[in-house]
Amino acid sequence: MQWRDTGIVLAARKHGERALLLHALTLEHGRAAGLVRNGQSARQRGNYVIGNRLALTWRARLAEHLGTFRAELEKSHAASFIDDGPRLAALAAAAALADATLPDQEPHPRAFRGLCDLIGALETGGGWAERYVRWELDLLAELGFGLDL
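So the sequence shown is numbered by the working numbering: it starts at 205 and just counts up by one.
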């Protein structure tokens, strides 16, 4: 089984000596996990920073298996606000929240687009705090726990 999609890095953890275990939120396939071979190399390490947008190819024998990712960097977002601690914290919190709450391999296009909008607001620096709160409310609604404020 194989698919291609655009994804945002939610988490990347070391696996063995050279590989990474990558969690990404994709537009059509939801939250997906996969092994990136040679992901810890000096050449590829910068591609798997939280918030980066990647062109992903996921491949596995069966859909239930942990597949492997091949990824190409489309846009490095966090580099534009690397010196701003509160915006980096908001990005890390949003990625951790999406990684912890969204189910595996279920499409959530509203959550994906909301995270893209949040990252865009973090890059421009204007109104990002309000956009973060709106993203959390949208995430709750996407998961079935919508709040009527």
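No residue lacks a Cβ here, since even glycine has one placed at the ideal position from N, Cα and C.
Note that the coordinates shown come from a computational prediction; the quantities given were computed from them, not determined experimentally.
Test item: CB-CB of residue i and residue j under 7 angstroms
i      : j      : result
Leu295 : Leu326 : yes
Arg208 : Thr261 : yes
His219 : Leu225 : yes
Ser284 : Asn256 : no
Pro311 : Glu221 : no
Leu344 : Arg235 : no
Strand pairing of residue i, partner residues [DSSP]
i      : result
Phe273 : Trp262
Gly234 : Thr230
Gly329 : DSSP lists no partner for Gly329.
Ile212 : Leu229 and Arg257
His281 : DSSP lists no partner for His281.
Asp308 : Arg235
Trp207 : Trp262
Ala223 : His219
For residue i, three-class secondary structure by DSSP
i      : result
Asp303 : helix
Ala246 : coil
Leu344 : helix
Asp352 : coil
Ala267 : coil
Asp321 : helix
Arg291 : helix
Arg314 : helix
Arg241 : coil
Arg217 : strand
Contact belief for residue i with residue j at Cβ below 8 angstroms, rounded distance in angstroms
i      : j      : result
Ala228 : Val213 : 6 angstroms
Arg314 : Asp342 : 6 angstroms
Ala259 : Ala275 : 7 angstroms
Trp332 : Leu319 : With a Cβ gap of about 13 angstroms, Trp332 and Leu319 do not count as contacting.
Ala215 : Asp303 : 5 angstroms
Leu270 : Gly243 : That pair is no contact at about 14 angstroms.
Tyr336 : Ala300 : The pair is not a contact, with the Cβ atoms about 13 angstroms apart (cut-off 8 angstroms).
Gly211 : Thr230 : 4 angstroms
Leu292 : Met205 : With a Cβ gap of about 35 angstroms, Leu292 and Met205 do not count as contacting.
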